[in-house]
Amino acid sequence: MFEVIATREFQKKVRSLSKKYRHIQTDLQPILEKLRLGEILGDRIPGIKFVVYKLRIKNNDV
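In the numbering used here, the protein residues as written are 29 to 90.
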């Protein structure tokens, strides 16, 4: 099991987006749980010094 740590920038953006998208926390929960369990989600971004993945999450408010 892993610990998922959200950056301050991520937390601020989620807080800001939650005003417009009321279910953003609900949309994020299954993804965060999968990350905690060690699943690798998304597409790896090539050409970056570190291992970075980009993941899109379905928005249930749209």
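Idealized CB from N, CA, C, for every residue including glycine. Source: prediction; values computed, not measured.
By a C-beta neighbour count over all protein chains shown, 10 Å radius and 16 as the cutoff for buried, is residue i buried or exposed?
i	result
ILE52	buried
Quick test of your reading: residue i and residue j, contact by CB under 8 angstroms. State the CB separation rounded to the nearest angstrom.
i	j	result
LEU56	MET29	Not a contact, Cβ separation roughly 18 angstroms.
Taking 7 angstroms as the threshold (beta carbon to beta carbon), is residue i in contact with chain C?
i	result
THR35	The structure shown contains no chain C; it holds only a single protein chain.
Could you tell me whether any non-hydrogen atom of the ligand ZN is closer than 6 angstroms to the CB of residue i?
i	result
GLU61	The ligand ZN is not among the ligands present in this structure, which contains no ligands whatsoever.
When you compare each of the options to residue i by their alpha carbons, which one comes out closest?
i	options	result
ASN87	LEU45, GLN39, ARG36, GLU31	LEU45
Does the distance from the C-beta atom of residue i to that of residue j stay below 7 angstroms?
i	j	result
VAL32	LEU60	yes
Do the region 63-74 and the region 82-90 meet, that is, are 3 or more Cβ pairs less than 8 angstroms apart? yes
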